[in-house]
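Student:
Residue numbers (the working numbering): 72 to 623.
1) In three-state terms, what does DSSP make of residue 502?
2) By alpha-carbon positions, which one of 238, 492, 107 and 596 ends up nearest to residue 162?
3) Measuring alpha carbon to alpha carbon, tell me which of 170, 202, 589 and 108 ends up nearest residue 182.
4) Look at the Cβ atom of residue 571, then the Cβ atom of residue 556, and state whether they are nearer than 8 Å.
5) One question on the structure: do residue 151 and residue 115 come within less than 8 Å of each other, judged by their Cβ atoms?
6) Going by DSSP, what residue range makes up the alpha helix (DSSP H) through residue 172?
7) Residue 391 by DSSP, collapsed to three states: which one?
8) Give the DSSP-derived three-state secondary structure of residue 102 in the structure shown.
9) Taking the alpha carbon of residue 213 as the reference point, which residue from 527, 306, 350 and 101 has its own alpha carbon closest?
10) When burial is assigned at 16 or more other CB atoms within 10 Å of the CB, is residue 276 buried or exposed?
11) I need the straight-line Cα distance from residue 370 to residue 330, nearest angstrom please.
12) Could you say which of 360, 210 and 402 lies nearest to residue 325 if we only look at CA atoms?
13) Hey, which unbroken runs of the beta strand (DSSP E) at 3 residues or more fall wholly within the stretch 503-570?
14) Can you tell me the Cβ-Cβ gap for residue 583 and residue 512, rounded? I've got them flagged as a contact below 8 Å.
15) Tell me which residue opens and which closes the alpha helix (DSSP H) that residue 491 is part of.
16) Does the Cβ of residue 87 have 16 or more other Cβ atoms within 10 Å, making it buried, or fewer, making it exposed?
17) How many Å lie between residue 77 and residue 475 at the Cα?
18) Indicate the three-state DSSP secondary structure (helix, strand or coil) for residue 225 in the structure shown.
19) With H, G and I counted as helix, E and B as strand and the rest as coil, what does DSSP make of residue 154?
20) Within 10 Å of its beta-carbon, does residue 420 have 16 or more other beta-carbons around it, so buried, or fewer, so exposed?
21) Spatial neighbours of residue 516 within its chain, please: C-beta separation below 7 Å, excluding the five flanking residues on both sides.
22) On the three-state DSSP scale, how would you describe residue 409?
23) Could you tell me which residues DSSP puts in a beta bridge with residue 416?
24) Just list the residues that DSSP pairs residue 495 with in beta bridges.
25) Quick check: the Cα distance between residue 397 and residue 424, rounded to an integer number of angstroms?
26) Helix, strand or coil, according to DSSP, for residue 207 in the structure here?
27) Over what stretch of residues does the beta strand (DSSP E) that includes residue 326 continue unbroken?
28) I'd like to confirm the pairing. Which residues does DSSP put opposite residue 255 in its beta bridges?
29) Exposed or buried, residue 366, counting other C-beta atoms within 10 Å across all chains shown (16 or more means buried)?
30) Which residues in the same chain have their Cβ closer than 7 Å to the Cβ of residue 597, if we skip the five residues on either side of it in sequence?
31) Within 10 angstroms of the Cβ of residue 412, are there 16 or more other Cβ atoms? Answer buried if so, exposed if not.
32) Which runs of the alpha helix (DSSP H) at least 4 residues long sit entirely within the stretch 428-478? Give them in chain order.
33) If you count every other CB in all the chains shown that lies within 10 Å of the CB of residue 578, and 16 or more means buried, which is it?
34) Got a sec? Which residues, its chain only, sit under 7 Å from residue 415 by beta carbon, not counting five neighbours each side?
35) If I follow the unbroken beta strand (DSSP E) through residue 123, where does it start and stop?
36) Please name the residue, chosen from 220, 478 and 215, that lies closest to residue 227 on a Cα-to-Cα basis.
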């Protein structure tokens with residue numbers, strides 16, 4: 072047996088004394104006397120944790136408290152997460168993780184995750200061998216070059232892999248000891264960080280695209296040599312498309328910014344379209360923001376439109392993209408980034424539209440999506456116009472964190488007279504409008520990426536294909552209950568996240584099986600209910616564990 076808790080960063084990497092351990096277990100583990108003699112229930116431990124958490128006055132203090140709890144008593148941390156998910160999730164990931172990343176070098180207290188610097192090229196495998204957990208099944212990797220909507224934060228971006236993997240465990244039950252937070256220090260373009268004496272990354276400018284590509288090639292080879300079949304999730308890279316194109320058919324990898332965001336927003340869009348009553352062929356979607364996430368979302372919706380009967384060209388022409396220079400057109404006069412070309416318009420008759428307001432007046436959209444990180448760009452005028460154009464306008468301000476959202480839930484409801492079908496990237500509070508409590512939907516990627524990872528791990532998928540990502544979106548759209556739809560929601564309630572992750576994982580596995588990419592033949596003949604039970608039996612449950620696999 073291995074009497075270690077699943078966390079490489081605990082003191083001496085050994086069992087941490089826990090007040091819930093019975094006396095005989097304390098004797099067995101050699102920790103008798105290291106905690107007060109009373110044996111406490113899990114419920115009492117959680118009461119103390121919540122009291123301590125409530126004593127912290129700012130979100131960043133709460134984040135630091137939870138980080139320390141995770142590193143000192145991981146089972147207790149995840150019991151707290153699972154029993155108070157809607158309260159804790161925003162504190163360990165968006166929106167608070169944004170502030171944590173901005174201040175990472177200031178609030179740093181102990182090692183979390185693995186850092187690999189550009190100076191380690193040629194020796195990446197040796198660095199990976201320093202990770203103390205022998206069996207890693209999933210890693211989240213970032214180079215910190217585009218953290219949320221906050222820009223290049225260099226190694227301060229480590230908060231993203233740490234938080235993301237906490238959600239993989241909390242939402243999908245992937246055992247914490249098989250997760251690896253990974254931050255690549257390839258320099259930073261952030262002059263403020265380079266000038267800061269506290270910044271913990273290399274004081275060097277960002278490497279070139281070719282240098283980064285060569286580094287990533289070595290990394291992917293090393294990861295798969297160290298842990299064959301490892302699921303690799305790329306996160307918050309400034310230019311994520313080249314790596315996705317290079318690796319998605321070679322390794323078990325995906326990019327959550329492009330594919331996860333696309334899947335969760337497709338699920339919300341499917342349910343929003345049902346509520347709007349407007350046929351697919353009559354939809355007109357304006358996207359404010361033409362980065363990787365926006366294009367990823369639109370391409371997922373294009374795929375859905377095609378399955379609903381449109382040709383690819385008809386589906387593509389339902390989208391208009393706006394960037395900092397205005398509507399993206401073929402004859403705008405600038406050289407378009409490659410990922411923007413697919414949605415560039417050629418039917419503008421030489422007209423150029425510089426502002427979002429002009430584009431809305433021109434297109435008369437049924438759907439308005441924001442991935443711009445520009446706070447308030449869905450202003451009162453634009454929202455009122457959307458309400459005039461549509462009985463139920465679809466308004467999706469998706470930028471994170473909340474301070475970068477294109478509009479708030481209150482603004483969307485107030486300026487559309489309660490007609491908006493709304494989903495956001497960050498959480499908002501319910502809003503009382505004309506005597507009715509309106510409930511916002513949050514299209515958070517945590518609805519899909521944990522299930523994608525879990526399903527891929529459990530079926531030992533060779534690759535993570537676009538069809539598997541699409542299957543995750545459809546699974547999520549079908550996971551919502553009639554009562555949740557009646558409440559105006561587009562997504563399931565977050566306290567059902569583990570059930571949702573099982574459904575997503577099951578459909579990811581099914582698609583891998585259909586494509587012949589699974590390597591777990593024992594589950595191919597299982598029915599859906601049997602497969603769900605098989606998945607649940609393999610999910611980490613901190614309420615049933617005091618110490619990892621300790622044998623009395």
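Virtual Cβ for every residue (Gly too), placed ideally from N, Cα, C.
Tutor: Taking the definition as stated:
1) strand
2) 238
3) 202
4) no
5) no
6) 167-173
7) strand
8) coil
9) 306
10) exposed
11) 9 Å
12) 210
13) 507-509
14) That belief does not hold up - the Cβ atoms of residue 583 and residue 512 are roughly 29 Å apart, past 8 Å.
15) Segment: none, residue 491 is in no alpha helix (DSSP H) and carries neither H nor E.
16) buried
17) Below a pLDDT of 50, predicted positions are generally treated as unreliable, and residue 77, at 44, falls in that range; no measurement from the model is reported.
18) helix
19) helix
20) exposed
21) 327, 331, 332 and 335
22) helix
23) 400
24) 513
25) 6 Å
26) coil
27) 324-326
28) 187
29) buried
30) 605
31) exposed
32) 451-460
33) buried
34) 399, 400, 401 and 407
35) No beta strand (DSSP E) holds residue 123; the alpha helix (DSSP H) holding it covers 113-125.
36) 215
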